[in-house]
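Q: Take this structure first; my questions come after.
Residue numbers (my numbering), protein chains in the order written: chain L, 17 to 248; chain G, 182 to 604.
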């Protein structure tokens, strides 16, 4: 794996047992994703997008082949090393924000840094920086229930970005948002990708997202059926 | 990190309030139950010690064998010298002479003929010596219903119930019909100086109290006594000390060949009190166990419900890199905080109720038929143990309940997190 490659899969296969047999969710996937890419895994439901994100995010392991993420092999990685990889290097953005309702915006964004045992002052600065990136410094004391859907997803982005991870995995991040909020969110992620050189990998079938992608990897029935660099 | 979770606990009432209420209630009941049992059993022991057993009792070995018959023919002789010897050997202790006796009390009419009679169970003790503390020990002044305490050897106090049945009042004459130490018949006149209510059915039915000098005269027991009671300083019964003292004494004085040799018996071996003393020890453990199991089951279920409610939060924490063990430990830490908070509040409320009930509830009317030497007023007693005993079930139950409920975290498949977190 060269220095610029952040994700590399080699003959990646994922099978799930079903009844007496099994279902192949990913079949012989070979991919290279470089540092700073803004890439999407695009395909219909059941095409293997989320399974791919699971393996790259070290939440699941391959049945065959391997995935190297930031130089770490995901095959047989073990729960503890997988946690450490996610904790230090990977940010997650989910469709439904998943903010902790009892904590303020500041505290929700602060949480990943607590796991990294950063000092109080470093934490405070990092959280405020992250909230500035997403334009929510005025909402630090707000609770999630006081935020709109768009604001909530921006908090989720700040939470994913606050530790300045090398890789952000986003699963259908705009599925619950209207068009205007979706564009705002995507512009924010695009900006962060350009300014911080963070690699973004999306799983989506939303046209609004696809329009922002710089590389689109098409998946169908667990296979890569297309890989296209988009010229802007 | 702990501060972060405590903040969450305080803000999320569903996560903290129900468990704290459960722990508070359980701990409060534990503390109250403990103080109540300590108080009741402590009072029973104290009552027996004051009235009947002392902390230790010295008597002849044959007297001890037949103690239920009040066998004064087997009394200790030369008691004055013997009690002086005890006082010299065990100067920290208080030694007192007692004579228990039975007989018939006869109440005459104006002609001197028998008007009423009743069987009496009497106790003779030193009520006339200025240095004697026997009247205070038996709390006689406070339980006096009519008249006064004896001021001369020929005066007696009757239980108020007994006096009513015989229709005698203070200043009336009664006759004690009994046997002397040597087996001869004894008929002695006494003046009733007062009546008392013991609050114990066994004593109130036919109780009579007299000064020991008057009874010595009636029973022909000059320089003799049925029993010598010993009391440790401080008033509390120290079981281990009493057993040690008894062993030392009996090694020195007891003689299996001599039925009149003195033997010492500790309180626990008299009036069937062995079980009672052991119960005090076991009861705390039983109370703690009951409340701990009950609370753990409730908190386990509360934890399971909380786990369902916080399913998303746990999933998110796993996804962003928190290790399962770390999440599990954070839940246990939360439960320790809940346990401590609930235990502190429960202990304070329990102690408050215990102190309110420390004056006791009077059950003496319900115990009129009782033959046990038990006080009629049941009260709570706050001891050092009361301040910390609730923390055992309080903290252990929350931790145990959470530990069971939290096992689900280890069963959670991270592979499904993306799907679960979309829900």
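Even for Gly, the Cβ is constructed at its ideal location relative to N, Cα and C.
1. Which residues in chain L sit within 7 Å of residue 513 of chain G, going by Cβ to Cβ distance?
2. Please report the distance separating the alpha-carbon of residue 206 of chain G from that of residue 527 of chain G.
3. Run through the segment 477-531 of chain G for me and flag every whole alpha helix (DSSP H) of 4 or more residues, listed as ranges in chain order.
4. Closer than 7 Å, CB to CB, is residue 131 of chain L near chain G or not?
5. Nearest chain G C-beta to residue 63 of chain L closer than 7 Å, yes or no?
6. Output needed for residue 390 of chain G: all residues of its chain with C-beta closer than 6 Å, excluding positions within five of it in sequence on either side, in chain order.
7. In chain L, what lies closer than 9 Å to residue 185 of chain G by C-beta?
8. I want to see whether chain L comes within less than 7 Å of residue 488 of chain G, judged by CB atoms only; does it?
9. Whose C-beta lies closer than 7 Å to the C-beta of residue 452 of chain G among residues of the same chain, with five residues either side of it excluded?
10. Assuming the contact rule is C-beta atoms closer than 8 Å, residue 285 of chain G and residue 301 of chain G should be a hit. Round their C-beta distance to whole Å, please.
11. So who's on the other strand from residue 369 of chain G, going by DSSP bridges?
12. I'd like the span of the alpha helix (DSSP H) that includes residue 351 of chain G, first residue to last.
13. Mind checking whether residue 178 of chain L and residue 124 of chain L have CB atoms under 7 Å apart?
14. Can you tell me where the alpha helix (DSSP H) with residue 199 of chain L in it begins and where it stops?
15. Residues of chain A with CB closer than 7 Å to the CB of residue 529 of chain G, please, in chain order.
16. Give the interface partners of residue 497 of chain G over in chain L, defined as CB-CB distance under 7 Å, in chain order.
17. So, with DSSP's three-state summary, where would you put residue 138 of chain L?
18. Do residue 64 of chain L and residue 28 of chain L have their beta-carbon atoms positioned less than 7 Å apart in this structure?
19. Using C-beta distances below 7 Å, list every residue in its chain close to residue 308 of chain G, excluding the 5 sequence neighbours before and after it, in chain order.
20. Mind checking which residues open and close the alpha helix (DSSP H) that includes residue 591 of chain G?
21. Starting from residue 25 of chain L, follow the beta strand (DSSP E) in both directions and report where the run begins and ends.
22. Beta strand (DSSP E) containing residue 281 of chain G: first to last residue?
23. With 16 as the cutoff for other CB atoms within 10 Å, does residue 591 of chain G come out buried or exposed?
24. How many Å lie between residue 398 of chain G and residue 404 of chain G at the Cα?
25. Extract the residue ranges of the beta strand (DSSP E) inside the segment 427-463 of chain G, only unbroken runs of 3 or more that lie entirely within it.
26. To the nearest angstrom, report how far apart residue 409 of chain G and residue 468 of chain G are at their CA atoms.
27. Thinking C-beta only, is residue 388 of chain G closer than 7 Å to residue 379 of chain G?
28. Consult DSSP for residue 376 of chain G and reduce its assignment to one of helix, strand or coil.
29. So, with DSSP's three-state summary, where would you put residue 245 of chain L?
30. With residue 207 of chain G as the anchor, note down where its beta strand (DSSP E) starts and where it stops.
31. Nearest-angstrom Cα distance between residue 110 of chain L and residue 168 of chain L?
32. What are the start and end residues of the alpha helix (DSSP H) that includes residue 189 of chain L?
33. Express the C-alpha separation of residue 448 of chain G and residue 552 of chain G in angstroms, rounding to a whole number.
34. Taking all protein chains shown into account, decide if residue 19 of chain L is buried (16 or more other Cβ within 10 angstroms of its Cβ) or exposed.
35. Taking one C-beta from the segment 510-519 of chain G and one from the segment 576-584 of chain G each time, how about it: are there three or more such pairs within less than 8 Å?
36. In whole angstroms, what separates the C-alpha of residue 47 of chain L from that of residue 117 of chain L?
A: So, from the listed chains and residues:
1. On the second chain, residue 513 of chain G is found 332 positions in, with the first residue counted as 1. Here the premise fails: no neighbours, minimum Cβ distance about 17 Å.
2. The residue given as residue 206 of chain G occupies position 25 in the second chain. The residue given as residue 527 of chain G occupies position 346 in the second chain. Taking the straight line from one Cα to the other gives about 6 Å.
3. 492-500
4. Within the first chain, residue 131 of chain L is the residue found at index 115, counting from 1. Between residue 131 of chain L and chain G, the shortest Cβ-Cβ separation is below 7 Å.
5. Counting from 1 along the first chain, the entry for residue 63 of chain L is found at position 47. It does not; no Cβ of chain G falls within 7 Å.
6. Counting from one through the second chain, the residue named residue 390 of chain G turns up at place 209. Excluding the 5 residues flanking it on each side, residue 390 of chain G has same chain C-beta neighbours closer than 6 Å at 304, 338, in chain order.
7. Here the question's residue 185 of chain G lines up with position 4 in the second chain. Within 9 Å Cβ-Cβ: 119, 123, 126, 127, 130.
8. As a first step, residue 488 of chain G is located in the second chain; it is residue number 307 there, counting from the start. No, because no Cβ of chain L sits closer than 7 Å to the Cβ of residue 488 of chain G.
9. Translated into the one-based positions of the second chain, residue 452 of chain G becomes position 271. Counting only Cβ-Cβ distances below 7 Å, and skipping sequence neighbours, we find 229, 233, 234, 554.
10. Looking up residue 285 of chain G in the second chain gives position 104. Looking up residue 301 of chain G in the second chain gives position 120. Yes, residue 285 of chain G and residue 301 of chain G are in contact; Cβ-Cβ is about 7 Å, under 8 Å.
11. Translated into positions along the second chain, residue 369 of chain G becomes position 188. Note: residue 369 of chain G sits in a beta bridge opposite G:357.
12. The residue given as residue 351 of chain G occupies position 170 in the second chain. Premise fails: residue 351 of chain G is in no alpha helix (DSSP H) and is neither H nor E.
13. The residue given as residue 178 of chain L occupies position 162 in the first chain. The residue given as residue 124 of chain L occupies position 108 in the first chain. Between residue 178 of chain L and residue 124 of chain L, the C-beta spacing is not below 7 Å.
14. For the purposes of this step, residue 199 of chain L is taken as residue 183 along the first chain, with counting starting at 1. Start and end: 195-212.
15. The chain inventory of the structure shown lacks chain A, comprising the protein chains L and G.
16. Position 316 of the second chain, counting from 1, holds the residue named residue 497 of chain G. Correct list: 114.
17. Residue numbering aside, residue 138 of chain L sits at position 122 when the first chain is read from its first letter. Looking at residue 138 of chain L - three-state DSSP - the assignment turns out to be helix.
18. In the first chain, counting from the first residue as 1, residue 28 of chain L sits at position 12. In the first chain, counting from the first residue as 1, residue 64 of chain L sits at position 48. In this structure, residue 64 of chain L does not lie closer than 7 Å to residue 28 of chain L by Cβ.
19. If you number the second chain from 1, residue 308 of chain G lands on position 127. Cβ neighbours of residue 308 of chain G beyond the five flanking positions: 315, 316, 330, 331, 392.
20. Counted from its first residue, the second chain places residue 591 of chain G at position 410. Unbroken alpha helix (DSSP H) run through residue 591 of chain G: 588-592.
21. Counting from one through the first chain, the residue named residue 25 of chain L turns up at place 9. That run of the beta strand (DSSP E) goes 21-34.
22. Position 100 of the second chain, counted from the first residue, corresponds to residue 281 of chain G. It spans 275-289 - the beta strand (DSSP E) in which residue 281 of chain G sits, taken as one unbroken run.
23. Locating residue 591 of chain G in the second chain gives position 410, where the first residue counts as 1. Label assigned to residue 591 of chain G: exposed.
24. If you number the second chain from 1, residue 398 of chain G lands on position 217. If you number the second chain from 1, residue 404 of chain G lands on position 223. Distance between the alpha carbons of residue 398 of chain G and residue 404 of chain G: 10 Å.
25. 443-447
26. Counting from 1 along the second chain, the entry for residue 409 of chain G is found at position 228. Counting from 1 along the second chain, the entry for residue 468 of chain G is found at position 287. Taking the straight line from one Cα to the other gives about 37 Å.
27. Counting from one through the second chain, the residue named residue 379 of chain G turns up at place 198. Counting from one through the second chain, the residue named residue 388 of chain G turns up at place 207. Cβ distance < 7 Å, so residue 379 of chain G and residue 388 of chain G count as in contact.
28. Here residue 376 of chain G refers to the residue found at position 195 of the second chain. Strand at residue 376 of chain G.
29. One-based indexing of the first chain puts residue 245 of chain L at position 229. Residue 245 of chain L falls in the strand class under three-state DSSP.
30. Sequence index remark: in the second chain, residue 207 of chain G carries index 26 (1-based). It is not in any beta strand (DSSP E) - residue 207 of chain G instead sits in the alpha helix (DSSP H) that spans 194-229.
31. Numbered from 1 along the first chain, position 94 holds the residue referred to as residue 110 of chain L. Numbered from 1 along the first chain, position 152 holds the residue referred to as residue 168 of chain L. Each residue's alpha carbon lies about 11 Å from the other.
32. Position 173 of the first chain, counted from the start, is the residue given in the question as residue 189 of chain L. Element bounds for residue 189 of chain L: n/a, residue is neither H nor E.
33. Taking the second chain and counting its residues from 1, the one referred to as residue 552 of chain G is at position 371. Taking the second chain and counting its residues from 1, the one referred to as residue 448 of chain G is at position 267. Because the pLDDT at residue 552 of chain G is just 48, under 50, the model does not fix this residue reliably, and the point stays unresolved.
34. Translated into the one-based positions of the first chain, residue 19 of chain L becomes position 3. The residue in question, residue 19 of chain L, is exposed, as its Cβ has fewer than 16 Cβ neighbours within 10 Å.
35. Look at the beta carbons and you see the segment 510-519 of chain G touching the segment 576-584 of chain G: at least three pairs across the two are nearer than 8 Å.
36. For the purposes of this step, residue 47 of chain L is taken as the residue at position 31 of the first chain. For the purposes of this step, residue 117 of chain L is taken as the residue at position 101 of the first chain. Taking the straight line joining both Cα atoms gives about 38 Å.
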